[in-house]
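Engineer: What follows is a structure written as structure tokens; I'll ask about it next.
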């Protein structure tokens, strides 16, 4: 990686971190609705997507709600999604970012289908899907990964193993020693990486993306870390989590860790860090201002877009 | 015109539509090498190749979920669910994504998915080969549903579904897959969604039915011919629903019997009865009656004839209204 690539990677992590921290504040101020934070998941999201080209597709779960920022999506668009405003409904084809998947794992087959469908058209496009450790217990995960494997689809499945599915710990989720081991059952490579090491995530993703693009089929990447924030703004993890462990995890969070590496290498200065943070904060400030200035949605939208060609009795209620 | 069975007409539609539009592809279990367990997809693999007639893993949610991604890649997928009751795993994708994704993109992306499956009783197989699950599908916002009863409609409605910009589910009455024979237009043939068909004209009683219950109603009407003039309305399209044709028939006859194989409670007949109650109450000469399956699991095939609405049960209901 070049120096400028390393700095760009760091900038992306700062952008995501800022989005997440500001969103929690906005939630507390009543400016966005229920919010699922991704604090300390930035290395996985920025690292894995850094291996993608612009034509490649990203299939996020709600934990990766702001991943579109890395494709230049305006902050207000994602904020509006969390504000329940329809201007947060983007066209996936504009960003090659699928809609945020709220149900667990059901977007995994979509990534398989997109990757396979593009391959059938002779396009060398890779689909990357993100999901959590709990998703690996769902049938849709199995059907999607197996489908992609059988079709030799150029897909990369990134499992964000933060070891908690709300209150369910990983040992109550699976008896498998690692989630990467599940790849064996699909006949595809499974890789386990430190989810707080952005360079390790990037390296695993780059290999997987290269292999997929070269016709080598899908890869399952398990990025391991530990959830150091609540599941969402409505969750109080004190009821189930070891707070001492959370504190320990927060002490070596992923953005600071990469910052340390870059500082040690002499690539990052105080000024640069400050300017990247300021840019991200400005982006968020402008984003929430724009979002809040938008007119409330027209109630007519209740009936919009349910169908392309709606049945005549749609308004009977 | 060629005389075809209903399942041959389905096959004809698939051949015609795949030849017409290179973005159409068929995927499902055993649709390629085997040509489908009912031979509905016979010949497609040889004619269009393995990229456009795809044998998939045995995974109904995977088939429909992959179809969502295929749409994003510009395809118009036609998914076969091998049997009605085997389709239930795909309801997860149907409800959470297929019916919502166009809406979710603010109307900017289309998901022209066709799902087709044989449904209903009569194949003399173990349980879960006989269900009539149309209500689950019609109840899902964003989805359209059609059910043909004749070979010509089987071809025309499937073609309409494939060309429709919205997700459409076609239930094919397997009870009459090979016994319903009829003239089918050659080449392109489209029967628009949302239009009912008057299968038999009459003036005393309206029989509302779809799929394999249409011929049952026609036989009942024949039996009653000396005593009552029955009009048989083949609903054909459950959503969009041809309310006008239904209400016009009710206005003419004032008496209604609704017939379906599916269990009674919250079956599609309840929706039709409510429509008539809301919009035609003053046209009615008597109660709206339903002849349906029962609220029980579809029985073992040795006794299934006691479950499926019969000509006798239909004529009995009609006689109550006379």
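Protein chains in written order, with this note's numbering: chain A, 1 to 317; chain B, 1001 to 1322.
Using N, Cα and C, we set each Cβ at its ideal position, and we do this for glycine too.
Keep in mind it's a predicted model, so treat the numbers as computed, not measured.
1) From which residue to which residue does the beta strand (DSSP E) around residue 49 (chain A) run?
2) For residue 1084 (chain B), which residues in chain A fall below 7 Å Cβ to Cβ?
3) Use the C-beta contact count for residue 1222 (chain B): other C-beta atoms within 10 angstroms, 16 or more gives buried, fewer gives exposed.
4) Taking the C-alpha atoms as reference points, what is the distance between residue 1173 (chain B) and residue 1217 (chain B)?
5) Determine the direct distance from the alpha carbon of residue 1215 (chain B) to that of residue 1148 (chain B), and round the result to whole angstroms.
6) Per the contact definition of three or more C-beta pairs closer than 8 Å, is the stretch 1131-1143 of chain B in contact with the stretch 1077-1087 of chain B?
7) Let's see if you can read the secondary structure: which residues bound the beta strand (DSSP E) around residue 1055 (chain B)?
8) Once DSSP output is grouped into helix, strand and coil, what is the label at residue 1133 (chain B)?
9) The alpha helix (DSSP H) spanning residue 4 (chain A) covers which residue range?
10) Drop a sphere of 10 angstroms on the beta-carbon of residue 76 (chain A), count the other beta-carbons inside from all chains shown, and report buried for 16 or more, exposed for fewer.
11) Just mark residue 1300 (chain B) as buried or exposed, buried being the case when its beta carbon has 16 or more other beta carbons within 10 Å.
12) Given a cut-off of 8 Å, decide if residue 1055 (chain B) and residue 1032 (chain B) are closer than it, judged by their beta-carbon atoms.
13) Who are the Cβ neighbours of residue 140 (chain A) in its own chain at under 7 Å, not counting the five residues just before and after it?
14) In the DSSP assignment, what residue or residues form a beta bridge with residue 63 (chain A)?
15) Say whether chain B places a C-beta atom closer than 8 Å to the C-beta of residue 55 (chain A).
16) Reducing DSSP to helix, strand and coil, say where residue 289 (chain A) ends up.
17) Indicate whether residue 36 (chain A) and residue 12 (chain A) have their beta-carbon atoms separated by less than 8 Å.
18) Does the separation of the CB atoms of residue 1314 (chain B) and residue 1291 (chain B) fall below 8 Å?
19) List in chain order: all unbroken beta strand (DSSP E) runs of 3+ residues lying wholly within the stretch 1185-1241 of chain B.
20) Any idea if residue 193 (chain A) is buried or exposed, counting beta-carbon neighbours within 10 angstroms, 16 or more meaning buried?
21) In chain A, which residues lie less than 7 Å from residue 1131 (chain B) when you measure between Cβ atoms?
22) DSSP has residue 160 (chain A) in a bridge; who is on the other side?
23) Need the endpoints of the alpha helix (DSSP H) that residue 1252 (chain B) sits in, please.
24) Determine the extent of the beta strand (DSSP E) in which residue 1028 (chain B) is found, giving its start and end residues.
25) For residue 1328 (chain B), which residues of its own chain have a beta-carbon under 7 Å away from its beta-carbon, when the five flanking residues on both sides are left out?
26) Determine, using beta carbons only, whether residue 10 (chain A) comes closer than 8 Å to chain B.
27) For the stretch 209-218 of chain A against the stretch 150-168 of chain A, do three or more pairs of beta-carbon atoms, one drawn from each stretch, fall closer than 8 Å, so that the two count as touching?
28) Given a cut-off of 8 Å on the beta-carbon distance, is the pair residue 1028 (chain B) and residue 1035 (chain B) in contact?
29) Among B:1186, B:1117, B:1230, B:1205, which one has its Cα closest to the Cα of residue 1037 (chain B)?
30) Thinking C-alpha only, which one of B:1068, B:1219, B:1025 is nearest residue 1047 (chain B)?
31) Given that residue 1107 (chain B) touches chain A, what residues does it touch there, using C-beta distances under 7 Å?
32) Which chain A residues are close to residue 1051 (chain B), counting only those with a beta carbon under 8 Å from its beta carbon?
33) DSSP three-state label for residue 1266 (chain B), please.
34) What would DSSP say about residue 89 (chain A), mapped onto helix, strand or coil?
35) For residue 1068 (chain B) and residue 1113 (chain B), I'd like the C-alpha separation in whole angstroms.
36) Taking buried to mean at least 16 other C-beta atoms within 10 Å of its own C-beta, is residue 1082 (chain B) buried or exposed?
Structural biologist: On the basis of the supplied data:
1) Taking the first residue of the first chain as position 1, residue 49 (chain A) is located at position 49. Segment 42-49 is the alpha helix (DSSP H) holding residue 49 (chain A); no beta strand (DSSP E) there.
2) Here residue 1084 (chain B) corresponds to residue number 84 of the second chain, with the count starting at 1. Ordered by position in chain A, no residue passes the 7 Å Cβ test against residue 1084 (chain B), which lies about 19 Å from the chain.
3) In the second chain, counting from the first residue as 1, residue 1222 (chain B) sits at position 222. It is exposed - the Cβ of residue 1222 (chain B) has fewer than 16 other Cβ atoms within 10 Å.
4) On the second chain, residue 1173 (chain B) is found 173 positions in, with the first residue counted as 1. On the second chain, residue 1217 (chain B) is found 217 positions in, with the first residue counted as 1. Cα to Cα, residue 1173 (chain B) sits roughly 15 Å from residue 1217 (chain B).
5) Translated into positions along the second chain, residue 1148 (chain B) becomes position 148. Translated into positions along the second chain, residue 1215 (chain B) becomes position 215. One C-alpha to the other measures close to 11 Å.
6) Short answer: they touch.
7) Residue numbering aside, residue 1055 (chain B) sits at position 55 when the second chain is read from its first letter. It spans 1053-1055 - the beta strand (DSSP E) in which residue 1055 (chain B) sits, taken as one unbroken run.
8) Residue 1133 (chain B) sits at position 133 when you count from the first residue of the second chain. Coil, per DSSP.
9) Looking up residue 4 (chain A) in the first chain gives position 4. Per DSSP, residue 4 (chain A) belongs to the alpha helix (DSSP H) from 3-28.
10) Start at 1 with the first residue of the first chain, and residue 76 (chain A) comes out as number 76. Buried, because 16 or more other Cβ atoms sit within 10 Å of the Cβ of residue 76 (chain A).
11) Taking the second chain and counting its residues from 1, one reaches residue 1300 (chain B) at position 300. Exposed.
12) Taking the second chain and counting its residues from 1, the one referred to as residue 1032 (chain B) is at position 32. Taking the second chain and counting its residues from 1, the one referred to as residue 1055 (chain B) is at position 55. The answer is yes: Cβ separation under 8 Å.
13) Start at 1 with the first residue of the first chain, and residue 140 (chain A) comes out as number 140. Within the same chain, residue 140 (chain A) has close Cβ partners 105, 106, 108, 109.
14) Here residue 63 (chain A) is taken as the residue at index 63 of the first chain, counted from 1. BP columns for residue 63 (chain A) are empty, so no partner.
15) Residue 55 (chain A) sits at position 55 when you count from the first residue of the first chain. It does not: the Cβ of residue 55 (chain A) has no partner Cβ on chain B nearer than 8 Å.
16) Position 289 of the first chain holds residue 289 (chain A). Looking at residue 289 (chain A) - three-state DSSP - the assignment turns out to be helix.
17) If you number the first chain from 1, residue 36 (chain A) lands on position 36. If you number the first chain from 1, residue 12 (chain A) lands on position 12. Against a cut-off of 8 Å, the Cβ pair of residue 12 (chain A) and residue 36 (chain A) comes out as no contact.
18) Within the second chain, residue 1314 (chain B) is the residue found at index 314, counting from 1. Within the second chain, residue 1291 (chain B) is the residue found at index 291, counting from 1. Their beta carbons are under 8 Å apart, which means residue 1314 (chain B) touches residue 1291 (chain B) by this criterion.
19) Scanning the stretch 1185-1241 of chain B for uninterrupted beta strand (DSSP E) segments of 3 residues or longer gives 1197-1200, 1205-1209, 1230-1234, 1237-1239, listed from N- to C-terminal end.
20) Within the first chain, numbered from 1, the residue matching residue 193 (chain A) stands at position 193. With 16 or more Cβ atoms within 10 Å of its Cβ, residue 193 (chain A) is classed as buried.
21) Position 131 of the second chain, counted from the start, is the residue given in the question as residue 1131 (chain B). Simply none; closest approach about 20 Å.
22) Translated into the one-based positions of the first chain, residue 160 (chain A) becomes position 160. Residue 160 (chain A) pairs with A:132, A:223.
23) Here residue 1252 (chain B) refers to the residue found at position 252 of the second chain. Element bounds for residue 1252 (chain B): 1243-1253.
24) As a first step, residue 1028 (chain B) is located in the second chain; it is residue number 28 there, counting from the start. Counting along the chain, the beta strand (DSSP E) containing residue 1028 (chain B) begins and ends at 1024-1028.
25) Given that chain B is displayed from residue 1001 to residue 1322, the structure contains no residue 1328 (chain B) and the question cannot be resolved.
26) By 1-based counting over the first chain, the position of residue 10 (chain A) is 10. No, residue 10 (chain A) lies away from the interface with chain B (no Cβ there is under 8 Å from its Cβ).
27) The stretch 209-218 of chain A, when compared against the stretch 150-168 of chain A, does touch it at the 8 Å Cβ threshold.
28) On the second chain, residue 1028 (chain B) is found 28 positions in, with the first residue counted as 1. On the second chain, residue 1035 (chain B) is found 35 positions in, with the first residue counted as 1. Result no, Cβ atoms of residue 1028 (chain B) and residue 1035 (chain B) do not sit closer than 8 Å.
29) On the second chain, position 37 is the one that residue 1037 (chain B) refers to. Ranking B:1186, B:1117, B:1230, B:1205 by Cα distance to residue 1037 (chain B) puts B:1117 first.
30) Reading the second chain from its first residue, position 47 is the one you call residue 1047 (chain B). Checked all of B:1068, B:1219, B:1025; the closest Cα to residue 1047 (chain B) is B:1025.
31) If you number the second chain from 1, residue 1107 (chain B) lands on position 107. Those within 7 Å of residue 1107 (chain B) in chain A are 304, 305.
32) Along the second chain, one-based indexing puts residue 1051 (chain B) at 51. Those within 8 Å of residue 1051 (chain B) in chain A are 120.
33) Within the second chain, residue 1266 (chain B) is the residue found at index 266, counting from 1. In the structure shown, residue 1266 (chain B) sits in coil (DSSP, three-state: anything other than H, G, I, E or B).
34) Counting from 1 along the first chain, the entry for residue 89 (chain A) is found at position 89. Here residue 89 (chain A) sits in coil by DSSP.
35) Translated into the one-based positions of the second chain, residue 1068 (chain B) becomes position 68. Translated into the one-based positions of the second chain, residue 1113 (chain B) becomes position 113. Those two C-alpha atoms are separated by around 8 Å.
36) To locate residue 1082 (chain B), count along the second chain from 1; it is residue 82. Buried, because 16 or more other Cβ atoms sit within 10 Å of the Cβ of residue 1082 (chain B).
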